[in-house]
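Undergrad: Residue numbers (this note's numbering): 47 to 1128. Before I ask anything, here is the structure I am working with.
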Amino acid sequence: MNPFLAVLLVIGAAYAGMAYADDVVHINGDPYAFIAYKDTIRIVDLSVPHAPLMAYSIPVQSEDSHMVTFHMDKGLYLVAYDAGDDSLHIFDVTSPYSPVSTHTVQHVGAVTGLDIVDTPQETLVMLAYDDTIRMLSVSVPDNPSIVHTIHPVWGSHIPDGISHMLPFGIHDDSYALAVGKTSAQIIDLDEPNSFKVSIQQNVHGFDHIGEFTDAQILEYDSRVYGLLAGHDSVIITDLSSPDNPHQVGVISLESEDTHPLRIDVIHGGDTPYILILDGEILHIADVTQPDMIFSVQVGPDLHNVIGYADGVHLEVLLTGDDLLILDVTDPAQATPAYLRGDQKLLAPLTVETVVIQDSLYVVTISSAGDTIQIFEITNSDDIIPVSEVAGGQFGYKGIHGPQDITIVQQHNNKTYAIIPNVNSNSVAILDISDPHVPVLIHSINDIPEIKSPVGVETFDVGSSSYIAIAVNFINGVFLVDITDIHAPRPALLIRDGQYGFEALSGATGLESVTIDDTVYLLVTGYYDNAVQIIDLTDPLSPAPAAAIFDDVGGYSIGGPHQIKAATMESGTYAVVTSIYDDTITIIDITDPVSPSMTSQITGSDFQGITSPDYMDILQTDGHTYVMVTSYYDASVSVIDMTDPASPILVSSAIHNVDGFDMEGPLGISVKSHDGSTYAAVAAYFGNGIQIIDMTDLSAPRPHSLISSGIENSVALFGSHGIGHIIVDDTPYAISSVFSQDAVRITDISDPLKPIPITVLENDESFALDGPIGVTSGAIAGKPYALISSVWSGAIQVVDMSNPSLPVPASVIGSHADSSEGYRGVVEANLAYVNGHVYVVAISGFEDVVHIADVTDPYNPTHIATIKDGTGGFTFSASQGLDIAYTPNGVFAIVAGFIPGTIQIIDISDPHTPAPASFVTTETENFELIGYMPDITAVQIGNKTIMAAISYRTNTITLADITDPFNIQYINTIQSGQPDIFIHNPESIEALTIGDQVYVAVASINDSIELLNITDLHNPTLAGLAGSGIESTIYGVTDLDSIRVGSSHYILALTPNSDISYIIEITDSGISQVSNIPPVPVR
């Protein structure tokens, strides 16, 4: 018996929104979605389901668009109808990251629906009009032609308002089901004007379900069915006999209100499923067991459903104002793709500890990995990975670049994590009441004032609950009412320079505190070097209470990052960590209108607080403690501030001492549970979380560790990796993918439409284990790229004469010959000296500089190794390198990261390199050069200028090295100066445009800033990357500059290997024009 026969399915209904004509197709084995969204058709790469990636965006002039894809022998094509220009556009989308327009048919009329059908003779696009159907042959995509027009004839019935044209086959015959508002017609495509029986509601046994909202064809068990969806039901029609269609079943929905449904079909092996999107509910109906209905809550803002198979997995794509992928391989356990389980920690930024149902959990975020991870540490000897939420460019609910986390526990026993995301300019709300199955319930987005949100804090006023969001690029704080956490309501923006607020530039750290029944918000203004205290008595009318500034009233709070509050018997105090000034400042805010400094701890007072960063407060046994992390000292300091005027260092935990493993500690959270006290510390550099037993605060001890290993460190290896090469006048971008041991080549001759060319992978041909440095140049008249790989311990020389087929020429310093010390090579540059070509390479692991002759790139010769601390050379932990050509010869400039040295080496005779000069942090005027990740040299007039960046001090130091034997200090550009927005810079690139000289600076915790340094003593802001095509540019690790035609561009690398930007430099500043598309790495 047919499984649909006489079956009545009853399931609950909810709201459904408008429909979008979306589809999923496979290209070279990978799924891609074609999504009609507002005034674009988006092509989205779904090969990584939890992190969909924009491949391309095709602009259209109207939101009323229809589209369909079809395969030809030569590739895949997209046909899109645009009502805005009354045209039908055909695109070759075989390369989804670079579609090509092949033809436009103008003046096609008001198309109401379209589909594609393959007949033995040709490929046809069916164009539906109100009561007419045209058949357009696209067998030759660049020369389509109308071959049939189907008009209503006497005795036939073409439905009014045709919205769907669904082709199907019976044996060797081709048919289409034309679906109108309330009826449908079967058309014989072999005889287009020979009409079959029509399907009309309330006639011949067909139910009445109102206007049709969607339709699909289902082929199962050698039969063909038509699925017709209305506002509250789905009719199942057997079309196997086109002359006698008949209803065999109905899926009926019961609800107080009826809403339009969206449907699709997916096949799992021998089992087909009907997918029904009913507002916020997805229903999955097993055709073989029609009483078996699985229902999944999916949330609002999703208006269309597409099912597709991806390998052994069945996936459902839900689109609309958001994008969600569900794995429905087991329909009973439908799982959002954003829930992953690999639990690989990648550069954790901060942590929170929380007790949920008597168990202790740690929640951590990674901006580099676009993840939120939860671990149970109830038994800290047995840390249990619980769940992971992953995002990306189209991360569900905007999980893209999470920067902070705060926990909200409401009276209904619900626990929520609030996460601001800098790359999507949004704040996600995650229900973690069941930590094993966290649910993304809402995203606060599409609010212009929420731009680069980096911090979040909660507070209550009366019966209302709010969150405060630090919006870094807006220089302010945005308030949102979350009393109903499922329906947050924007309140208002508090902005620097308005209504008496004067200390909110670069708002970063937030803390709420109640003093005398009044709620106050404490905010650190990173760029103002200040703290703002805000009275929130009326959250809709906040008032400035006070502002505290660096170098005023004895305060030393340069680079204030985090702020916490503690209430004690003696009063209420704020504690501020300041990165620039190496201070922890305790401020009496008992009278918030008149704060006063109580005490200030400096690096000279307590060892281990170089650039103090994150902190947490613990109050126990009548004492108040502040626990502070130092990224640079790799330590956690426990300070007793019970007497705030005389804080006492109680103890310290230091990386690699007494068993502690917390390289690059940042976020810290302390919690007491079941008689014990634990601190969770995010080890950003070491990709781990160190759990510390703080029960005895005088003797903290390492208790357990969650880690994926320093070898995967973004912080260590994210500083370099993008470059370019010109081959036959065509520019190509070369970008390394450290995490995947690969290098991507992209044609950027049209920066608006970059084209992926190929990918090099670590294998028997290429030594690319941990590629990090990219350089290129001409050798013997041919183009070559040199790729430095830390784990290969080698530099791969690549012949780029044919960018589509790069040839491995040779390997310098192969890992098989470790005696040359190439282990950990991080950067290499070419030097042209006396008719020869040399490669100069630095190894931060071995503290050495290598020189090799690559004049014959297929047979390089190692000629010199320079060791730190020998022969007058000083370059410990070198990371930055550049080559300077001066009247005095050719010189290598080497930047030592720790403690901070600049060594200039004379390589005029590369066989006998000699020290020319050096400066350190102890050299007058060079005190701020510590922790240098990069350095560059540029010619300005007749001078050779060196520019060095400091990750720690957020500075650019300029010096004249025209005479490399006598370095002359010129100027220091420091974040916090007017129009200077540098925050943990990773890379610097110098470029000359006309008679002007610029430096572009990439900040891992900010964006890209372009500075005009033509006047070295008065540098000026030339451009700041704020908004991109899809998201704010935030977190950049490497830069390269290139001229394409008459325009200049910056290539920018991010920690996310799939996202690299092309940014144009114009007279009005800099702006993103496109993304470099990734070539899939297998």
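Glycine included, every Cβ here is placed at the ideal spot set by N, Cα and C. Everything numeric in this text was worked out from a predicted model, so none of it was measured.
#1: By a C-beta neighbour count over all protein chains shown, 10 Å radius and 16 as the cutoff for buried, is G508 buried or exposed?
#2: What residues in its chain sit with their C-beta under 7 Å from that of V850, if we drop five residues either side in the sequence?
#3: Helix, strand or coil for Y271? Go by DSSP, reduced to three states.
#4: For F812, name the three-state secondary structure that DSSP assigns.
#5: List the DSSP bridge partners of Q1042.
#6: Looking only at its chain, what residues have a beta carbon closer than 6 Å to the beta carbon of I1116, apart from the 5 residues adjacent to it on each side?
#7: Are I953 and P961 touching if we call contact CB-CB under 8 Å?
#8: Check whether the stretch 204-216 touches the stretch 156-171, counting contact only when three or more Cβ pairs, one atom from each stretch, lie closer than 8 Å.
#9: Which of the three DSSP states is assigned to Y442 in this structure?
#10: Just how far apart, CA to CA, sit Q439 and D1086?
#11: Relative to the alpha-carbon of I944, which residue among S209, V526, D914 has its alpha-carbon at the smallest distance?
#12: What separation, rounded to the nearest whole angstrom, lies between the Cα atoms of I349 and S645?
#13: Note down the Cα distance separating I768 from I1054, rounded to an integer number of angstroms.
#14: For T150, which residues in the same chain have their Cβ closer than 6 Å to its Cβ, ignoring the five residues on either side in sequence?
#15: Whole-angstrom Cβ separation of I735 and I752, contact assumed at under 8 Å?
#16: With P318 as the anchor, note down where its beta strand (DSSP E) starts and where it stops.
#17: How is the beta strand (DSSP E) around I825 delimited, first residue to last?
#18: Near Y573, which residues of its chain fall below 6 Å by C-beta distance, leaving aside the five closest residues on each side in sequence?
#19: I'd like to know whether the C-beta atoms of F340 and P382 end up nearer to each other than 8 Å.
#20: Taking 6 Å as the limit between beta carbons, can you name the residues of its chain near V342, skipping five residues before and five after?
#21: Tell me the residue span of the beta strand (DSSP E) that contains N875.
#22: Report yes or no: do the stretch 721-738 and the stretch 777-784 share at least 3 C-beta pairs separated by less than 8 Å?
#23: May I ask you to report which of helix, strand or coil DSSP gives E340?
#24: How is the beta strand (DSSP E) around V468 delimited, first residue to last?
#25: As a quick exercise: from N425, V397, D796, pick the residue whose alpha carbon is nearest that of I418.
#26: Closest to S147 by C-alpha separation, out of H153, M172, V139, would be which residue?
#27: CA-CA distance, I951 and V94?
#28: How do the stretch 490-502 and the stretch 466-473 stand: do at least 3 beta-carbon pairs fall below 8 Å, yes or no?
#29: First and last residue of the beta strand (DSSP E) that includes T283?
#30: Could you tell me which of Y123, D119, G710, H96 sits nearest to D69, measuring between CA atoms?
#31: Sorted by chain position, which residues of the same chain lie with C-beta nearer than 7 Å to L814's C-beta, five sequence neighbours on each side aside?
#32: To which residues does DSSP link S834 through a beta bridge?
#33: Secondary structure at S795, three-state DSSP: helix, strand or coil?
#34: Mapping the DSSP letters down to three states, classify A378 as helix, strand or coil.
#35: Buried or exposed, going by whether 16 or more other CB atoms sit within 10 Å of the CB of H446?
#36: Straight-line CA distance for L392 to A1098?
TA: So, from the data block:
#1: Counted from its first residue, the sequence shown places residue 508 at position 462. Per the 10 Å Cβ criterion, exposed.
#2: Residue 850 sits at position 804 when you count from the first residue of the sequence shown. The amino acid at residue 850 is misidentified as Val; the sequence shows Ser. So the list reads I803, T804, once near-sequence residues are dropped.
#3: Counting from 1 along the sequence shown, the entry for residue 271 is found at position 225. In the three-state scheme derived from DSSP, where H, G and I count as helix and E and B as strand, Y271 is classed as strand.
#4: The sequence position of residue 812 within the sequence shown is 766, counting from 1. For F812, the three-state secondary structure derived from DSSP is coil.
#5: Locating residue 1042 in the sequence shown gives position 996, counting from the first residue. I1039.
#6: Position 1070 of the sequence shown holds residue 1116. Around I1116: L1056, G1069, A1071, I1109.
#7: Along the sequence shown, one-based indexing puts residue 953 at 907. Along the sequence shown, one-based indexing puts residue 961 at 915. In this structure, P961 does not lie closer than 8 Å to I953 by Cβ.
#8: Result yes; three or more Cβ-Cβ pairs closer than 8 Å.
#9: In the sequence shown, residue 442 corresponds to position 396, counting from 1. Note: Y442 maps to helix in three-state DSSP.
#10: Residue numbering aside, residue 439 sits at position 393 when the sequence shown is read from its first letter. Residue numbering aside, residue 1086 sits at position 1040 when the sequence shown is read from its first letter. Between Q439 and D1086, the C-alpha separation is close to 22 Å.
#11: Working through the sequence shown from its first residue, we reach residue 944 at position 898. Nearest option by C-alpha distance: D914.
#12: Residue 349 sits at position 303 when you count from the first residue of the sequence shown. Residue 645 sits at position 599 when you count from the first residue of the sequence shown. Correcting the residue identity first, residue 349 is His in this sequence and not Ile. Their backbone Cα atoms lie some 57 Å apart in a straight line.
#13: Position 722 of the sequence shown holds residue 768. Position 1008 of the sequence shown holds residue 1054. I768 and I1054 have their alpha carbons spaced roughly 15 Å apart.
#14: Start at 1 with the first residue of the sequence shown, and residue 150 comes out as number 104. Cβ within range, chain order: S133, H135.
#15: Sequence index remark: in the sequence shown, residue 735 carries index 689 (1-based). Sequence index remark: in the sequence shown, residue 752 carries index 706 (1-based). With a Cβ gap of about 4 Å, I735 and I752 count as contacting.
#16: Position 272 of the sequence shown holds residue 318. Where P318 is concerned, the enclosing beta strand (DSSP E) starts and stops at 317-324.
#17: Within the sequence shown, numbered from 1, the residue matching residue 825 stands at position 779. For I825, the enclosing beta strand (DSSP E) covers residues 817-825.
#18: Working through the sequence shown from its first residue, we reach residue 573 at position 527. Only residues of its own chain outside the window of five on either side were considered, and among them S551, G552, G1022 have a CB closer than 6 Å to the CB of Y573, listed in chain order.
#19: Residue numbering aside, residue 340 sits at position 294 when the sequence shown is read from its first letter. Residue numbering aside, residue 382 sits at position 336 when the sequence shown is read from its first letter. Contact annotation: F340 and P382 have beta-carbon atoms that are not nearer than 8 Å.
#20: The sequence position of residue 342 within the sequence shown is 296, counting from 1. In the same chain as V342, and ignoring 5 residues on each side of it, the C-beta atoms closer than 6 Å to its own belong to L328, A380, in chain order.
#21: As a working mapping, residue 875 is identified with position 829 in the sequence shown. Counted as a single uninterrupted DSSP element, the beta strand (DSSP E) harbouring N875 occupies residues 871-879.
#22: Under the Cβ criterion (8 Å, minimum of three pairs), the stretch 721-738 does not count as touching the stretch 777-784.
#23: Numbered from its first residue, the sequence shown carries residue 340 at position 294. Glu is not the amino acid found at residue 340; the sequence shown has Phe there. It is a strand residue.
#24: Within the sequence shown, the letter at position 422 stands for residue 468. No residue range can be given for V468, since it is assigned to no beta strand (DSSP E) and is classified by DSSP as neither H nor E.
#25: What you label residue 418 is simply residue 372 of the sequence shown in a count that begins at 1. Answer by Cα proximity: V397.
#26: Along the sequence shown, one-based indexing puts residue 147 at 101. The residue with the shortest Cα to Cα distance from S147 is V139.
#27: Here residue 951 is taken as the residue at index 905 of the sequence shown, counted from 1. Here residue 94 is taken as the residue at index 48 of the sequence shown, counted from 1. Cα-Cα distance, rounded: 46 Å.
#28: Three or more Cβ pairs drawn from the stretch 490-502 and the stretch 466-473 lie within less than 8 Å of each other, which places the two stretches in contact.
#29: Here residue 283 is taken as the residue at index 237 of the sequence shown, counted from 1. It spans 279-284 - the beta strand (DSSP E) in which T283 sits, taken as one unbroken run.
#30: Residue mapping note: residue 69 aligns to position 23 of the sequence shown, counting from 1. Among Y123, D119, G710, H96, the Cα nearest to that of D69 is on Y123.
#31: Here residue 814 corresponds to residue number 768 of the sequence shown, with the count starting at 1. Excluding positions up to five away in sequence, the list reads D787, A788, V789, L806, E807, N808, I833, S835, S838, Q842.
#32: Stepping through the sequence shown from its first residue, residue 834 is reached at position 788. Bridge partners of S834: G819, I841.
#33: The sequence position of residue 795 within the sequence shown is 749, counting from 1. S795: coil per DSSP, three-state reduction.
#34: For the purposes of this step, residue 378 is taken as the residue at position 332 of the sequence shown. The answer is helix: DSSP assigns A378 an H, G or I state.
#35: As a working mapping, residue 446 is identified with position 400 in the sequence shown. With 16 or more Cβ atoms within 10 Å of its Cβ, H446 is classed as buried.
#36: Locating residue 392 in the sequence shown gives position 346, where the first residue counts as 1. Locating residue 1098 in the sequence shown gives position 1052, where the first residue counts as 1. Rounded to whole angstroms, L392 to A1098 spans 21 Å at the Cα level.
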